[in-house]
Amino acid sequence: MSDRSDTPTAVIRLADYRPPAWAVQHVALEFDLGIDRAEVHATLELVRQADEPIRLNGEGLELLELSIDGRRLGDGEYILAHGVLEVGVEGDRCTLSTRVAVRPAENTAFEGLYLSGSRDKGFLLTQCEAEGFRHITFYPDRPDVLSTFTVTLRADKARFPVLLAGGNPDGAGDLADGRHWARFVDPHPKPSYLFALVAGRLERISQDYTTADGRNVALHIWAEADVIDRCDYAMDSLVRSMRWDEQAYGRNYDLDVFHVVATHDFNMGAMENKGLNIFNAKYLLADPDSSTDDEYRHVEAVVAHEYFHNWSGNRVTCRDWFQLSLKEGLTVFREQSFSADMNSAPLKRIEDVALLRRAQFPEDAGPLSHPVRPSQYTEINNFYTATVYEKGSELVRMIAGHLGHDGFRKGMDLYFERHDGQAATIEDYLKALGDANGVDLSSYLAWYGQAGTPRLSAEGRYDADKRRYRLQLRQRTPASAGQPDKHALPVPVRLSLFNQDGTALPLRLEGEAAAGANERTVVLNSPEQTFVFEDVASAPVPSLLRGFSAPVILECEYAPAELALLLRHDADGFNRWDAGQQLAGLAFDAFRDGAPGGAAVLAWTKAVAGLFGDASIDDALLAELLTPPGEIELVERQPERDPERIRAVRQGLLRALAQTIGSDALKARYQALHAQANAGLTAADQARRQLKRRVLDLLSLADAAGSVPLARQQYESAPSMTDRLAALSTLAVTDPAAADEPLAHFRKRYDGNALALDKWFAAQAQLPGDGALARIQALEDDPAFTLKNPNRVQALIGTFARVNPTGFHRPDGAAYRWLADRLVAIDALNPQVAARVATAFNGWKRLEPARREAAHAVVAELAGRKDLSRDLTDILARVALG
Ligand code: TRP
Ligand code: ZN
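Counting from 0, one number per residue, gives the positions in the sequence shown under numbering that gives the first Met the number 0.
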């Protein structure tokens, strides 16, 4: 975080990387834990690597004692300044020990050792990634210093009955004065960011697991007593993740115990600490009464993600934080593959690409744009971004596609084997994948170093005489912050050609002897290249970038009828959906430009209405096909962004669809789906709920009055949170007065259930229009609202600022000023959270003039303040550049 006082703001550059001057061979940590104060005694076995003094990071620590080889040092024998403790020593080895005190209950930033929950009931835990360990003890807090850890915890037994740290258990017992101790030994060398401890009153569920290579592992999931009965789905997901990693990658778990702990006080989603994963409760707890289907899928995905880090991140870690995507992009990719295997693969792909477009594309199009491997940073916490995670995963996927299934597996095997126990780089990764396959992947490195989303334009020309189809592909990446000149990248384009009756043609490229399969991948390796297909009987419709084979924006001038053909016939589930998205985009343009009866509008509504009546389409896919791009994505289609206008046009388009399908057909479908309502969690149950939600939304546009009693009835009789929340949201948009009573009912029913209340805050934070800001301000007065809890802040303030464009971007700028105020208050408590919320200002420069001016005034004013954290200052300074 932010150290307003002791740490200077410096730019850290990849080009300045130097290996550590001292290695840590072993570290022994002893903790005497208390809520207000904890003492940490660290003993480091240090080995010299270069002719430099020992330098240890430490921030916010009260130094009680420092000794070298058993000799206590006096004040003049070390330097402590700007968060660094420096000691010069002779010789190549020494034992350095420190004793420090820290104050957990005062730690509102949730970095280092802190208290979750109340003083009398809460528990202690740690969060060290990226640089939290230096808030616990003096240490070379960088990921390329790997060490074995022995950790001893001591605390009052009644207040802290459970004591946990990463590694295998190595004894426990009672002490005098009602205290007890427990020791843990981690035999796998690890960097400090993977250290964790937990202490307090926690319950657990447990399961025995035997790995494919025969190790017996005790799995434990820990949570506070009131939520321990909501951990079963996480345990189930964990076991499936462990099996999957054995089967898909041959990776086995490597300790005798694996702990997972849930906390309500966490800055991010979850953390892969070795042997002791810690989760934001939002991504661990699940039960039908308080969780939606989406949340079940998130739990499954995040449990898998953190577990997969045990190999991609922990056994092989990152040399420095510039390589963050080496573990995060790869682990997101592994999680996406797992989730695709557990659920519907095309739906998972649709969801992931939609997220990339909604979150990463806007990031990459503005002043926060950075390469998947950044070349510099001032605050590393601000680089846990959609670019590093989601775009990083797309890069791994591209390379995996290049190598093919078996080649990728061979490459991953070599990567794990070659770099086990090491801190690696992106180059190491590409080299291992390439070496295992005898190919050179270094051209893909350019993707890691170049920011911005490439535009891929495609132009097809059909020559009837020669029965030839020439496909010209061109790429161009717009300049981005600090990178004016862009290079051509290898862009794999998976494609098929459809003829007019919707069949995919066997493909023969110029110079080939015979036609092959009806799908293939061509790679665009230069700014421009033309691919010539032979024996093409009639002008084809190209299906390009199938499965989203590269993270680019495709610019291809399709006629509405061509997109409608792909929407009907494309066998690639992703491209079928994407054809619908592109067609809906054209329909949006027509509607906006005053042509609600234009060809694209008719083509989209007719095609989608046709699919609505097609019984062969899966309910969940149909739900996706019924949904045009969201308001946030559509913003990109507007030269001057006016969120109100975007919403009005989108709603108009949806109404046109609803009318084309017809309210009778919608109502009949709704009732058929509703008759099967249950709390089941099978794919079919979830798909029905998802479709029902879309149908109810459409019905509310075609027949508002008719939809209100249905929504009320659905709320009252809902057997699941998904149905309950969907009904509440539709009702609140359609007839706000009719939603008052159910909203009050929900608030009371879930009083004390933090995660359910977060959804109650978030559902209201999303309600569009003029009244939104006043509604948010009233909700801030709810006794359950607090700026101290990151989930609550995200639910109300984050949701409003990020997913309520009409509410946040009100024309008078009042919401901008209100957010600025809240950011200052949040920053004083938790800089990481403040910085994340502040990214809502990204994109201000492309707003229409009145809003632009209002937003800019607020951002410039905030950016000029001198009393904010490094985290928030860094985001503001970059966002202000526009
Ligand atoms: N490594 C975590 C992950 O799996 C991310 C994370 C958790 C994190 N807590 C954090 C990053 C705190 C920065 C700060 O994705
Ligand atoms: Zn991760």
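Ideal placement from N, C-alpha and C gives every residue a C-beta, glycine not left out.
Can you name, in chain order, every residue of its own chain whose Cβ lies under 7 Å from the Cβ of TYR428, other than the five neighbours on each side? LEU325, TYR414
Could you name the residues of the same chain whose beta carbon sits closer than 7 Å to that of VAL858, not counting the 5 residues immediately before and after it, in chain order? PHE840, TRP843, LEU875, VAL878, ALA879
Express the C-alpha separation of ALA676 and ARG688 in angstroms, rounding to a whole number. 8 Å
Quick check on the burial criterion: 16 or more other C-beta atoms within 10 angstroms. Buried or exposed for PRO559? buried
For VAL39 and THR136, believed in contact at Cβ under 8 Å, the rounded distance: 5 Å
In the DSSP assignment, what are the bridge partners of ILE349? DSSP output for ILE349 lists no bridge partner at all.
Among residues of its own chain, excluding the 5 on either side of PRO741, which ones have a beta-carbon nearer than 6 Å to its beta-carbon? TYR714, LEU727
Could you tell me how far apart the beta carbons of LEU470 and PHE530 are, in whole angstroms, since I believe they sit closer than 8 Å? 5 Å
Can you tell me which of the three DSSP states GLN793 falls into? helix
Am I right that ALA303 and SER240 are in contact with their C-beta atoms under 8 Å? What's the rounded C-beta distance? 4 Å
Residues of its chain near THR316, where Cβ-Cβ distance is below 6 Å and the 5 sequence neighbours each way are ignored: PRO142, PRO190, ALA422
Less than 6 Å between C-beta atoms, sequence neighbours within five positions excluded: which residues of the same chain meet that for PRO789? ASN266, VAL832
Three CB pairs or more closer than 8 Å across the segment 344 to 360 and the segment 468 to 484: no
Determine whether the beta carbon atoms of GLN375 and ILE796 lie at a separation below 8 Å. no
Beta-carbon proximity of PHE398 to LEU432, cut-off 8 Å: Checking the sequence shown, residue 398 turns out to be Ile, not Phe. Closer than 8 Å, so yes.
Alpha carbon of MET0 to alpha carbon of GLU130, nearest angstrom: Caution is warranted here: a pLDDT of 40 is assigned to MET0, below 50, making its placement in the model unreliable, and the coordinate value is therefore given only provisionally. Cα-Cα distance, rounded: 8 Å.
For LYS886, the three-state DSSP class (helix, strand or coil): As shown, the chain starts at 0 and ends at 881. That puts residue 886 outside it, with no answer to give.
PHE497 to ASP577, Cα distance in whole Å? 16 Å
Cβ contact (3+ pairs, closer than 8 Å) linking the segment 443 to 461 and the segment 331 to 347: no
Could you tell me the distance, in whole angstroms, from the CA atom of GLU299 to the CA atom of HIS418? 28 Å
Residue from LEU778, PRO782, GLY812 whose Cα sits closest to the Cα of THR798: LEU778
Enumerate in chain order the residues of its own chain whose CB-to-CB distance from TRP180 is below 7 Å, with the five nearest sequence positions on each side excluded. THR151, LEU152, ARG153, ALA171, GLY172, LEU174
Continuous alpha helix (DSSP H) assignments of at least 4 residues falling wholly in the segment 551 to 624: 559 to 568, 572 to 591, 598 to 611, 618 to 624
Contact the segment 532 to 540 vs the segment 596 to 616: 3+ CB pairs below 8 Å: no
Write down every uninterrupted run of the beta strand (DSSP E) in the segment 196 to 264 whose length is 3 residues or greater and which is fully enclosed by it, in chain order. 196 to 199, 202 to 209, 215 to 222, 256 to 262
Is MET330 near the ligand ZN, with its Cβ less than 7 Å from a heavy atom? Contrary to the premise, residue 330 reads as Thr rather than Met in this sequence. It does: the Cβ of THR330 is within 7 Å (strictly closer) of some heavy atom of the ligand ZN.
Chain-order list of residues whose beta-carbon lies under 8 Å from that of LEU444 (same chain, five-residue window excluded): ILE425, GLU426, LEU429
Can you determine whether any heavy atom of the ligand ZN sits closer than 7 Å to the C-beta of GLU271, and answer yes or no? yes
Are LEU610 and LEU690 touching if we call contact CB-CB under 8 Å? no
Report the three-state DSSP secondary structure of GLU29 (helix, strand or coil). strand
Nearest residue (CA-CA) to LEU162, options GLU527, VAL260, PRO550, VAL836: VAL260
Bridge partner(s) assigned by DSSP for THR42: ALA27, SER96
Using a Cβ-based criterion (distance less than 7 Å to any ligand heavy atom), does GLU350 qualify as near the ligand PLP? Absence of the ligand PLP from the depicted structure is noted, with the ligand TRP and the ligand ZN being the only ligands included.
Cβ shell of ALA41 (< 6 Å), same chain only, five flanking positions each side left out: LEU28, THR97, THR136
From the DSSP secondary-structure annotation, give me the bridge partner or partners of GLY884. This structure cannot settle anything about residue 884, because the visible part of the chain is limited to 0 through 881.
Applying the 10 Å Cβ sphere with the 16-neighbour rule, what's the burial state of VAL438? exposed
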